[in-house]
Every structure is written in structure tokens, then in C-alpha cells.
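Data first, discussion second: the structure below is written as C-alpha cells.
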Amino acid sequence: MGSGAVWGLAMATFVATAVEVVEALTVVLAMGVTRGWRSALVGTGAALVALAGFTAVTGYALVTWLPRSVLQLTVGTLLLIFGLQWLRKAILRSSGHKAIHDEDAAFRKQTEAARAASSQRRLALDWFSFVISFKATFLEGVEVVFIVITFGLNAGNVPVAVIAAAAAVVIVGAAGALARAPLTRVPENTLKYGVGLMLASFGTFWAVEGLGVLRAGGESLTWPGGDAAILALLAGWFLLSRALVARYRKATEGLATEGATR
Amino acid sequence: MKFVKAFFRFWYEFVIGDDWKIAAAVVIVLLAGALAVIVGAGGTALLPPLLAIGVGAAFTISLLIDTPPR
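So, in C-alpha cells, the structure goes:
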């Protein structure tokens, strides 16, 4: 693997992980600021432990039991669905059909919900804060695990993907801890669009390759051009998303013109 | 029971997200691909690009159904 490819893998994993961590951080900060830090941090820590267990079990199962094609089909399908969900939101946001994601607004919404929630205590913890922090960290964390598995295995270099993801967690986490506020300066909508394109491209590549499990012998299907097909898929998803943004924008502008001439 | 419900809800939210039509679109195209592989088209070089086009078309249809341009 050339150094360019290593940096490409590291950057792709870093950016995708950073976006997930920013989202989890906003929720944990909202819980910490409004309901106290102890339960929010215990919830986050418990989620990280659960995530480590999930990753160990998943990793063991993947390495020992699953043929490569089954792994590609399952992880690829999940990644494709995640990627297309992100792309859908990015298209609707770029064309003005959906409000731009704003970490400040998300933070406000979470703090309002936290203030309104009852203060039930279990195991000497504020249960609401614990559960919400746990859920946000675990949910975003599982997505990171799938991203690391796919990007790492596809490039044949899981350690680099793990290091890049860990770096994103440390850097974004430290920035959040210093700021004690949601990271609104991170260009999250643009990053999400890029990550959506990457996930959709890798997901399509892997899910289709994985269909080979149904062949006699079970070996993966082969894309014309091999791994270079990922670049073609990336270009294809980008062009389709731009065409859809243009279609939605045209409809919005048409409506505005119609309204002005009335 | 509450835990089981919460468990399945978590995984539904995780995998399906807020628009089930996208997951359905992906599954439909992959099922069509699976059928093609089963009938012996797995060795055809054209199959992967055709499936990619299929996923793109299914995504477009699901998006337009969910949010018609207004």
C-alpha cells in the first residue's frame, strides 16, 4: 500500500469518525451541562466499554466464522443504507428542502429535553442523563466500527483505519472538553455530504461483491477495473446527487417565482 | 419486555433510520442481484455496474416518493 493510499484511508476514516463524534459530543455536552457531568460521563464510559465488547465479538465473528463474501454483503448493505440516508439529508439540505443541521440547535433541543425530563435515580445515577449519553455514544460508535471495518479491510490496512478513528475521537473529544460547547465551527453539513458519498460508494462496492456468496464456491463478484471501480462509483453518486439537488432547487425557485408574480 | 422492545427499537433506528424506503430500495436491488447470481449471471462483468445503476435508480425513486419536489 503506497503512502498516498495510506493517507487517503486515514483521512477518509478520520473525517467520517469526526462527524459521528461531533454528534455524540453534542448530546453528552447537553446532558453534562444541564444535569451534571457524573451521570453523562458514566453513560459515555459505559457505552465505550459496551462498544469495545461489541467490536471484540463482531471482530472475532468476522475473522473466524464469516467468509469474506458474507462479510462484504452484510457490512456493505449496512454501509450503503447509512450512506444513502446521509446523502438523502445532504441533497434535501443543499436544495433548501430541509433545514441545515445546526449543532447549536441540536444542543438547545437536547438541553430543553434534559431540563423537562424527570430526575429518576438508579444506581446512584441520574438515569435520564446516563441512558441518553449511553445511547448517543453507542449509536454513533457502532457506525464508526462499521466504517473502520469497511475502509480498513477494503484497503487491507485495518490498523491505519483504527488509528485514524482513535485520533478523531481524541481530537474532537478534547476540542469539546476545552470548549464545553457544541462544535459549531466544524463544517458538519459539507463533511456529512462527503462522508455520505464515501459510504454509499464503498457500500455499493462491497454489497455487490458480497452477492458472490450465492455462487458455487462462494467467491466475491468482481467489478470491472477492480478497486478503481470505487472511484467510478464515487463519481456516479456525486453526479446523481448534484442532479437531484438541481431538480429540487429548480422546483423551489419555480415556486418562489410563482409566489412573486401572484 | 420493555428491554426487548427498546433493543429492537434501537437496532431499527440504527439500521433503517428515518426513511424506511431507502432500506427497502437497497434490499430490492440486492434481491434482484441475488436472483441474477443464482441463475448463473454472477460471472458477467456487466452485473456489478448494472446493480450499481439499479441502486441509484431505486434511491432516486425512494427520495422522490418521500419528498416530492415542491
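The listed protein sequences derive, respectively, from chains A and B. Going by the numbering used here, the first residue of the first sequence is number 1170, and it counts up by one from there. Going by the numbering used here, the first residue of the second sequence is number 9, and it counts up by one from there. Where a beta carbon is used, it is the ideal one built from N, C-alpha and C, also for glycine. Owing to the predicted nature of the structure, the values given are computational and were not obtained by experimental measurement.
CB contact flag (residue i, residue j, <9 Å)
i: residue 56 of chain B; j: residue 1266 of chain A; result: no
i: residue 58 of chain B; j: residue 30 of chain B; result: no
i: residue 1433 of chain A; j: residue 1319 of chain A; result: Nothing about residue 1433 of chain A can be reported from this structure: the residues present for chain A run from 1170 to 1431 only.
i: residue 1368 of chain A; j: residue 1316 of chain A; result: yes
i: residue 1304 of chain A; j: residue 18 of chain B; result: yes
i: residue 1413 of chain A; j: residue 45 of chain B; result: no
i: residue 1396 of chain A; j: residue 1326 of chain A; result: no
i: residue 1375 of chain A; j: residue 1248 of chain A; result: yes
i: residue 1224 of chain A; j: residue 1333 of chain A; result: no
i: residue 1297 of chain A; j: residue 1215 of chain A; result: no
i: residue 8 of chain B; j: residue 1393 of chain A; result: Here chain B comprises residues numbered 9 to 78, so residue 8 of chain B is not present and cannot be evaluated.
i: residue 50 of chain B; j: residue 1384 of chain A; result: yes
i: residue 1439 of chain A; j: residue 1410 of chain A; result: Since the first and last residues shown for chain A are 1170 and 1431, residue 1439 of chain A lies out of range.
i: residue 1445 of chain A; j: residue 1331 of chain A; result: In the structure as shown, chain A starts at 1170 and stops at 1431, and residue 1445 of chain A therefore has no counterpart that could be examined.
i: residue 1421 of chain A; j: residue 1264 of chain A; result: yes
i: residue 1399 of chain A; j: residue 24 of chain B; result: no
i: residue 1377 of chain A; j: residue 43 of chain B; result: no
First through last residue of the alpha helix (DSSP H) which encompasses residue i
i: residue 1335 of chain A; result: 1327-1348
i: residue 28 of chain B; result: 28-44
i: residue 52 of chain B; result: From DSSP, residue 52 of chain B is part of no alpha helix (DSSP H); its letter is neither H nor E.
i: residue 1296 of chain A; result: 1296-1324
i: residue 24 of chain B; result: Looking at the DSSP string, residue 24 of chain B is not in any alpha helix (DSSP H), and its letter there is neither H nor E.
i: residue 1258 of chain A; result: 1237-1263
i: residue 1367 of chain A; result: 1357-1379
Residue i burial status per 10 Å Cβ neighbour count (16 or more: buried)
i: residue 1187 of chain A; result: buried
i: residue 1201 of chain A; result: buried
i: residue 1260 of chain A; result: buried
i: residue 10 of chain B; result: exposed
i: residue 1185 of chain A; result: buried
i: residue 1191 of chain A; result: buried
i: residue 69 of chain B; result: exposed
i: residue 1244 of chain A; result: buried
i: residue 1386 of chain A; result: exposed
i: residue 1341 of chain A; result: buried
i: residue 1408 of chain A; result: exposed
i: residue 1233 of chain A; result: exposed
i: residue 1363 of chain A; result: buried
i: residue 1404 of chain A; result: exposed
i: residue 1310 of chain A; result: buried
i: residue 1370 of chain A; result: buried
i: residue 1415 of chain A; result: exposed
i: residue 1337 of chain A; result: buried
i: residue 13 of chain B; result: exposed
i: residue 1285 of chain A; result: exposed
i: residue 1343 of chain A; result: exposed
Whole-angstrom C-beta distance between residue j and residue i, which should lie under 8 Å
i: residue 1256 of chain A; j: residue 1406 of chain A; result: 7 Å
i: residue 1358 of chain A; j: residue 1418 of chain A; result: Incorrect: roughly 16 Å between the Cβ atoms, too far for contact.
i: residue 1238 of chain A; j: residue 1382 of chain A; result: 4 Å
i: residue 1189 of chain A; j: residue 1329 of chain A; result: Actually they do not touch by this definition, with Cβ atoms about 18 Å apart.
i: residue 1308 of chain A; j: residue 22 of chain B; result: 6 Å
i: residue 1213 of chain A; j: residue 1306 of chain A; result: 5 Å
i: residue 1220 of chain A; j: residue 1231 of chain A; result: At roughly 16 Å, the Cβ-Cβ gap does not stay under 8 Å, so residue 1220 of chain A and residue 1231 of chain A are not in contact.
i: residue 1203 of chain A; j: residue 1283 of chain A; result: 4 Å
Cβ-heavy atom distance, residue i to the ligand FMN, below 8 Å
i: residue 1383 of chain A; result: Summarising the ligand content, the structure contains no ligands, and the ligand FMN is consequently not present.
CB contact below 9 Å: residue i versus chain C
i: residue 1378 of chain A; result: The structure shown contains no chain C; its protein chains are A and B.
* Asked: Counting Cβ pairs, one atom from each stretch, are 3 or more of them under 8 Å apart for the stretch 1194-1205 of chain A and the stretch 1275-1290 of chain A?
  -> The way I'd put it, the stretch 1194-1205 of chain A does touch the stretch 1275-1290 of chain A; three or more beta-carbon pairs between them come closer than 8 Å.
* Asked: Quick one: any contact between the stretch 1204-1211 of chain A and the stretch 1283-1296 of chain A, if contact means 3 or more CB pairs under 8 Å?
  -> Contact holds: three or more Cβ-Cβ distances are below 8 Å.
* Do the stretch 56-67 of chain B and the stretch 31-40 of chain B touch if we need at least three Cβ pairs shorter than 8 Å? -> Yes, the stretch 56-67 of chain B touches the stretch 31-40 of chain B.
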